[in-house]
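Q: This is the structure I want to talk about, given as structure tokens.
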Amino acid sequence: MFDNKSILITGGTGSFGRQYTKTILSRYKPRRLIILSRDELKQYEMQQEFNAPCMRYFLGDVRDSERMMQAMRGVDYVIHAAALKQVPAAEYNPMECIKTNVNGAENVVRAAIANNVEKVIALSTDKAANPINLYGATKLASDKLFVAANNMTGEARTRFAVVRYGNVVGSRGSVVPFFKKIAKQGNGPIPITHEQMTRFWITLQQGVDFVLKNFTRMQGGEIFIPKIPSVHIMDLAKAYAPNHDVEIIGIRPGEKLHEIMCPADDSHLTLEFDDHYVIQPTIKFFSGSINYRTNIIGEEGKPVAMGYEYHSGNNPNFLSVEEILEFDELASK
Numbered sequence: 011m012f013d014n015k016s017i018l019i020t021g022g023t024g025s026f027g028r029q030y031t032k033t034i035l036s037r038y039k040p041r042r043l044i045i046l047s048r049d050e051l052k053q054y055e056m057q058q059e060f061n062a063p064c065m066r067y068f069l070g071d072v073r074d075s076e077r078m079m080q081a082m083r084g085v086d087y088v089i090h091a092a093a094l095k096q097v098p099a100a101e102y103n104p105m106e107c108i109k110t111n112v113n114g115a116e117n118v119v120r121a122a123i124a125n126n127v128e129k130v131i132a133l134s135t136d137k138a139a140n141p142i143n144l145y146g147a148t149k150l151a152s153d154k155l156f157v158a159a160n161n162m163t164g165e166a167r168t169r170f171a172v173v174r175y176g177n178v179v180g181s182r183g184s185v186v187p188f189f190k191k192i193a194k195q196g197n198g199p200i201p202i203t204h205e206q207m208t209r210f211w212i213t214l215q216q217g218v219d220f221v222l223k224n225f226t227r228m229q230g231g232e233i234f235i236p237k238i239p240s241v242h243i244m245d246l247a248k249a250y251a252p253n254h255d256v257e258i259i260g261i262r263p264g265e266k267l268h269e270i271m272c273p274a275d276d277s278h279l280t281l282e283f284d285d286h287y288v289i290q291p292t293i294k295f296f297s298g299s300i301n302y303r304t305n306i307i308g309e310e311g312k313p314v315a316m317g318y319e320y321h322s323g324n325n326p327n328f329l330s331v332e333e334i335l336e337f338d339e340l341a342s343k
């Protein structure tokens, strides 16, 4: 569906944008693939690797509504990946986080509708479910904006959906590079916040593939959530630093013991499919009712039990120490 189409990725020089670009160029023949970001150095570095004739590099910030209007001219599909993601940085710089994650989301919505973009998928995070830190709260607000945007389209063809997933193996700021660094240096214990802590685990390529698939599935208004494995934090330490002692340092501000992707409060809206969940909109759209139980490609979903919650601690699929290392090897390819 991406052949001869124009695609825009906000925050496109990040780890997701680079992997998405690599995947699109290897599988499809887009007419234009636009990378929008505010960092000229990252754009320069990315151009050394990805310089196909269809590539376009736009300097710009999602906070700039006029620039977003210009960037989306003639665009068919948008992946909104731009965000401020570091939890401590968001706590210390709340207004900056709000400007990018909330006001920026509004600018993406308005520009997409004004330019009659066909489909928009916004990337979210497990921290947006029952948020306890500012980053999660801004991403929840962003999710709500993109879902409600389906009521703003009028006669335009534009449809919006959200993809929510957990920790990406080895991404910037994740615990994996930190554990590996300690193991390589060979000094000091591994700091663990809580011995019972768990996290969802996904490779970057799996995240990209899930987003691609949901462009074909989406009808507008869905929050898509993949079924992915969980890891115990103690098993991560064993996998990456097996010869080091562990020091329990306590849960940090804004951090959860287990991450949630489908909250119990949304159980009456949650549908379970073979390999993913869909949280249906809480609001009705003026354009008419949508049967989310059957998506565009014919997959059938069923309601979950009332009170059901999908979190990293009750996940039936946990990775062993050996499987964590296999995942790491898969992620590095």
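Residues in the sequence shown are numbered from 11 upward in steps of one, following my numbering.
For every residue, glycine included, the Cβ atom is placed at its ideal position computed from N, Cα and C.
Source: prediction; values computed, not measured.
#1: Just to confirm my understanding: we take residue 257, look at its own chain, exclude 5 residues before and 5 after, and list those with CB closer than 6 Å. What are they?
#2: Considering only the beta carbon of each residue, do residue 132 and residue 158 sit closer than 8 Å?
#3: So if DSSP puts residue 132 in a beta bridge, which residue, or which two residues, is it bridged to?
#4: In three-state DSSP terms, what is residue 318?
#5: Return the CA-CA distance between residue 264 and residue 233, expressed in angstroms with no decimal places.
#6: If residue 140 and residue 270 are in contact, beta carbons under 8 Å, what's the gap, nearest whole angstrom?
#7: For residue 31 versus residue 92, is the C-beta spacing smaller than 8 Å?
#8: Which term fits residue 34, buried or exposed, when burial requires 16 or more other beta carbons within 10 angstroms of its beta carbon?
#9: Residues in the same chain with beta-carbon distance under 7 Å from residue 282, minus the five sequence neighbours each way, listed in chain order, please.
#10: According to DSSP, simplified to helix, strand and coil, what is residue 304?
#11: Here's the rule I'm using: 16 or more other beta-carbon atoms within 10 Å means buried, otherwise exposed. How should residue 102 be labelled?
#12: Count the other CB atoms within 10 Å of the CB of residue 90; is the residue buried (16 or more) or exposed (fewer)?
#13: Using DSSP with H/G/I as helix, E/B as strand and the rest coil, what is residue 313?
#14: Closest to residue 227 by CA distance: which of 260, 66, 287 is it?
#15: Report the residue from 100, 16, 58 whose alpha carbon sits nearest the alpha carbon of residue 87.
#16: Taking just the CA atoms, how far does residue 52 sit from residue 118?
#17: To the nearest angstrom, how far is it from the Cα of residue 204 to the Cα of residue 267?
#18: Would you call the segment 292-309 and the segment 235-242 touching, i.e. three or more CB-CB distances under 8 Å?
#19: Taking the beta strand (DSSP E) that residue 280 falls in, what are its first and last residues?
#20: Spell out the partners DSSP gives residue 272 in its beta bridges.
#21: Residues in the same chain with beta-carbon distance under 6 Å from residue 65, minus the five sequence neighbours each way, listed in chain order, please.
#22: For residue 69, is the classification buried or exposed, using 16 other Cβ atoms within 10 angstroms of its Cβ as the cut-off for buried?
A: Looking at the atomic coordinates:
#1: 199, 201
#2: no
#3: 90, 172
#4: coil
#5: 23 Å
#6: 5 Å
#7: no
#8: buried
#9: 311, 312, 314
#10: strand
#11: exposed
#12: buried
#13: strand
#14: 287
#15: 16
#16: 21 Å
#17: 7 Å
#18: no
#19: 280-282
#20: 320
#21: 43
#22: exposed
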